[in-house]
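Just so we're on the same page, my numbering is the position in the sequence shown counted from 1, plus 43.
Here the structure comes first, spelled out in structure tokens, and everything after it is commentary.
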Amino acid sequence: MIVLDENILEDQRQLLEAWRFPARQIGFDILVKGLKDEQILVELRREACPRARWIAKQRAWLMTQTEAETFIAACHERLNYERYHAEITVDRRRSWRKLHIGVDCGTGQIVAAALTTNDVDDGSQVGPLLDQIDRPIAAFTGDGAYDQEGVYASVADRHPDALVIVPPRSSAVPSETAETAETAPRQRDRHLQLIAERGRMGWQKASGYNWRALVEADIGRWKRVIGDALRSQTDARQATGVAVAVNVLNRMLEMGRPSYVRTA
44 MIVLDENILE DQRQLLEAWR FPARQIGFDI LVKGLKDEQI LVELRREACP
94 RARWIAKQRA WLMTQTEAET FIAACHERLN YERYHAEITV DRRRSWRKLH
144 IGVDCGTGQI VAAALTTNDV DDGSQVGPLL DQIDRPIAAF TGDGAYDQEG
194 VYASVADRHP DALVIVPPRS SAVPSETAET AETAPRQRDR HLQLIAERGR
244 MGWQKASGYN WRALVEADIG RWKRVIGDAL RSQTDARQAT GVAVAVNVLN
294 RMLEMGRPSY VRTA
């Protein structure tokens, strides 16, 4: 418990009460004004007064006005530190970024890259990635996260003849126009039909979906050579670092690439 001196200001007392410190002020809650420190301690230890007996059972700290100012300043500093620490913790929790890359399955080189925050949807980056490619593409291959209408539309707008090889979700159903004879089935409907006939493993082999493993290999190579952390703090410098890393990895591939021969 804190025993406040009679000279402590009212706003200091209210602040301590707002922080829920067990405090009593001399001349207001306990004892009377004009007592010296020695008399205050004696009065607190007296057994005659019920309130004094209640106070004597607890650890009493006689706080003067100077000590109150120092104590309140220390509390403010502590609160500011905790608030700053909480902000830093939140910032660090949100500071990680998501890397999106496009890989040429013929050369293994990275032809497009984008760095976004962790709350950005993968499918929304298909358009920006395709805009970085200045030549026609034969197919776009992605995992199940790209099974979206917007992805098919982004590819069709930029490369009308390109295939979209994305595994439909397990709960996917054919579109309303899949069974009509007037229009040709959409790419997604053809994927569903092939999965129904051969199963998902058969669809992966027939559609060429397994080429997507090149992207996973490049991500692993990125982490081994470049690292799995960003070295800059600002968005512009982080984007520059990604561009430099892409150039480095592509130059390494230009120097030589292993040739694999299947033996069995």
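For every residue, glycine included, the Cβ atom is placed at its ideal position computed from N, Cα and C.
Could you spell out the range, first to last residue, of the beta strand (DSSP E) harbouring residue i?
i	result
THR159	153-160
VAL146	140-146
Out of the options, state which residue places its alpha-carbon closest to the alpha-carbon of residue i.
i	options	result
GLU230	GLU297, VAL146 and ASP190	Reading off the sequence shown, one finds Gln at residue 230, where the question assumed Glu. Among GLU297, VAL146 and ASP190, the Cα nearest to that of GLN230 is on ASP190.
ARG255	ASP54, TRP139, GLY145 and ARG140	GLY145
VAL285	TRP265, ARG300, VAL304 and MET295	TRP265
LEU158	GLN281, GLY242, VAL291 and ARG274	GLN281
SER388	ILE208, LEU235 and ALA205	Nothing in the structure corresponds to residue 388, since the chain is present only between 44 and 307.
ARG243	VAL194, ALA260, ILE208 and ASP261	ILE208
GLN175	ASP186, GLY193, HIS143 and ALA239	HIS143
ALA155	ASN290, ARG305 and GLU297	ASN290
ASP271	PHE183, ILE262, GLU192 and TYR195	ILE262
GLU259	GLY170, THR184 and ARG178	THR184
ARG267	LEU257, ALA279, GLN276 and LEU292	LEU292
Please indicate yes or no: does the CB of residue i lie closer than 7 Å to some heavy atom of the ligand GDP?
i	result
SER275	Among the components modelled here there is no ligand, and therefore nothing to report on the ligand GDP.
In terms of residues, what are the limits of the alpha helix (DSSP H) holding residue i?
i	result
LEU257	256-268
GLN236	230-250
GLY284	278-298
VAL169	169-174
To which residues of the same chain is residue i closer than 8 Å at the C-beta, ignoring the five residues directly before and after it?
i	result
TYR127	With a pLDDT of 48 at TYR127, under the threshold of 50, the modelled position of this residue cannot be trusted; read the value that follows with caution. So the list is empty, once near-sequence residues are dropped.
ARG274	GLY284
VAL169	PHE183, GLY185, TYR189, GLY193, VAL194, SER197 and VAL198
MET295	VAL268
ALA215	ASP190, ARG231 and LEU235
SER167	GLY193
Leaving out five residues on either side along the sequence, give the residues of the same chain with a beta carbon under 7 Å from the beta carbon of residue i.
i	result
ILE180	HIS202 and ALA205
CYS92	Any reading at CYS92 must be qualified, since the residue scores a pLDDT of 46, below 50, and its modelled position is unreliable; the value itself is stated next. Nothing meets the Cβ criterion.
ARG212	GLY187 and ASP190
VAL163	LYS141
LEU257	VAL146, CYS148 and GLY151
PRO171	ALA157
For residue i, count neighbouring Cβ atoms within 10 angstroms of its own Cβ and tell me buried if that reaches 16, exposed if not.
i	result
THR160	exposed
TRP246	buried
VAL304	exposed
SER250	buried
GLN152	buried
ALA99	Only weak support is given to the placement of ALA99: the predicted model assigns it a pLDDT of 43, under 50, and the value that follows is read from those uncertain coordinates. Counting Cβ neighbours within 10 Å, ALA99 comes out exposed, since fewer than 16 surround it.
Got a sec? Which residues, its chain only, sit under 6 Å from residue i by beta carbon, not counting five neighbours each side?
i	result
ALA310	The displayed coordinates of the chain run from 44 to 307. Any statement about residue 310 would go beyond what the structure contains.
THR306	none
PRO210	GLY187
LEU237	TRP246
ARG233	none
Beta-carbon of residue i versus every beta-carbon of chain C: anything under 8 Å?
i	result
LEU173	Protein chains in the displayed structure number just one, and chain C is not present.
Note down, one range per segment and in chain order, each beta strand (DSSP E) of at least 3 residues found wholly within the region 184-210. You should have 206-208.
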